[in-house]
Structure formats: structure tokens, C-alpha cells
Amino acid sequence: MSNFPKPPFDTPLQKTIPGDSRSMSPQPDYGYDSYRGSGRLAGKTALITGGDSGIGRAVAVGFAREGADVAISYYTENDDAQETAHWVEKAGRRALLLPGDLKDRDVCREIVKKTVKCFGKIDVLVNNAAFQVERETLDDVDEDEWDETFATNIGAVYRLSRLTVPHMKNGGSMIHTISVNVDSPKPKLLAYSATKAAIQNFSGGLAQLLADKNIRSNTVAPGPIWTPLIPATMTGEHVNDFGASPPLGRPGQPVELIAPYVMLAGDEASYISGATIAVTGGVPII
């Protein structure tokens, strides 16, 4: 696990968001050959947004190998989503594919409805889907893009959390993907950074609001992680040097996010709620 690649990287930029894994060089490590489960999520059902690639795919693979069935919500990346489903099913678990735009309230309702119809319940909700675009100046961030970022990143977190609660039993877990940017906002990711801070605040309030139902709410704050969103949303210079700044000198790989999500999803974390787990390559989060 100490041989993960370090920049500089030479990977082609991608024209569509959120991008796809197959075009990346080096390929993201999703844990196919390294992650071994031990039944920590046996009998559970998880709904993961942005589950087609990146962190979402790694978490889906990890959850399946820990014994969970997985509903995979994604935008339009059918090939990537099918690949994720393949690995879930290869682990002996059921996979449900749920395409759709999370900015749409009806889509959010259908995603929850179909998950419950297929699996009968939702034990774990992973709000992971996100939208970002690098912009040089404030003038470059137009109002439509600002609204899209907030509707995707925090609006969907609110909607899916609210819709999921009635189908969660005692001991349910909500895990929301935020970012190291909540502590160190990136000026060229102005809207994205703001939404991630909002999600952290929302999760802290939700942890208190849902405590009487024994439903936990936590966040995971990744640093730079090598996912398709990077070559799809950043400039060539930033992609080439991506992940060079943390003390570990490299970006994290999706497989390195599996452990905190599994921990927060499992019953062993029954007293962890309102927390943020930092996975940042040595960058402290206060």
C-alpha cells in the first residue's frame, strides 16, 4: 500500500463532468485486489450517491465485501455504473442501479422509493455525489453554475436525508462526503468549497436532530483524491501536479477512503455522531 503513484501525472483532460475512470493514467485504485471484507456490514442495505466511480465506487466495493447490498445512484455514466455493479455482485451482494439528476426533487424521491422497494429498507445513506468547476475569478462563476453546485451538493443531501429517515431503523447511519476545503477553502473552487462547509454544518445539526431515533450523521473529509472528477474539472497544470502539496506528497486513492466509511456505517461506531473524519494525507483539519 506504500507504492501509490505520486505526481507529476500525464493523463488526458476530459470534456464531460464527472468524467470516467477508463481514460485516466494512472488508473484509480478502487481496492479490487487489496480490500478484504470481514462481514462488518452483513445484512445491511446502503444507498450511495455518486456511486459510479471515484470515492463512491470504492465505498460500494468495500460495503459489498463487508456484506451489504448496495443501491448505486449516479447521473448519466452508465458504463461506469455497470462496472461498479459488477464488483458489488462479484462480492455476492445485490446491486441496484439508479440513474438520475439529483437536482430534481422527483428523482430523489424515486431513488429512495426504488431502493426501499428492492431491499425493503435503508440502513446506510452515503451522500457522496458532487459537482465542481474551477474558475479563475468571481465573475467567471455565473449564477446558473452557482445554483447548480448548491442544488447538487447540498440540496440533494438535504432531500435524500429527509426522504430516507422514515425507512431507517434504530441504528441507521448517514455519511456525507465533504472536503478538506471546509477548513482551507480553495478560491478557484469557490462554490464547491462553500457547499462542503454547508454539508458539514448540516450534518452536525442532523446528528442532534435525529439522536432520538438513534440515527447517526457524520462526515468524511477527503483531501485530494485521484478520481475522474479531477481531469474533468481542472486545468492541465493542476491535474499534472494534483496531490503534490499534502505532507504525504501524493493524492489519495479511492481505496484509501473505504475504511472510514465502513467504520461509520457499522454498528461498532454506535457512539460516533456529529463527527468529521479527515482523510487528507497529513493536512490537519481543525
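The sequence shown runs -19 to 266 under this note's numbering.
Glycine included, each C-beta is placed from N, C-alpha and C at the ideal position.
Among residues of its own chain, excluding the 5 on either side of L77, which ones have a beta-carbon nearer than 7 Å to its beta-carbon? I52, A61, A65
With DSSP run on the structure shown, which of helix, strand or coil describes I155? strand
Is it true that the CB of V68 sits closer than 7 Å to the CB of V50? yes
In or out: T215 buried (at least 16 other Cβ within 10 Å) or exposed? exposed
Helix, strand or coil: which one does DSSP assign to P226? Residue state, collapsed to three classes: coil.
Name the residue from Y15, S141, E63, P(-2) whose alpha carbon lies nearest to the alpha carbon of F27. The residue you asked about is not Phe; residue 27 is Leu in the sequence shown. Selected option, being the one with the closest Cα: S141.
Limits of the unbroken beta strand (DSSP E) element including D59: That residue, D59, is in no beta strand (DSSP E); its alpha helix (DSSP H) goes 58 to 70.
For M(-19), the three-state DSSP class (helix, strand or coil): Note on M(-19): pLDDT 49, under 50, position unreliable in the model; no value is reported.
What residue range is occupied by the uninterrupted beta strand (DSSP E) comprising T256? 256 to 259
Can we count E116 as close to the ligand NAD, meaning its CB is less than 6 Å from some heavy atom? Inclusion of the ligand NAD in the displayed structure is not the case, the ligand content being empty and no account of it being possible.
Leaving out the 5 sequence neighbours to the left and right, which residues in its chain are closer than 7 Å to G23 when beta-carbon positions are compared? G47
In chain order, which alpha helix (DSSP H) runs of at least 4 residues are fully inside the region 82 to 165? Within the region 82 to 165, the complete alpha helix (DSSP H) runs of at least 4 residues are 85 to 99, 123 to 130, 136 to 144.
What do you get for Y12, buried or exposed, if any count of 16 or more other CB atoms within 10 angstroms of its CB means buried? Classification of Y12: exposed, given that the 10 Å Cβ count is below 16.
Whose C-beta lies closer than 6 Å to the C-beta of A44 among residues of the same chain, with five residues either side of it excluded? V50, V68, A71, R73
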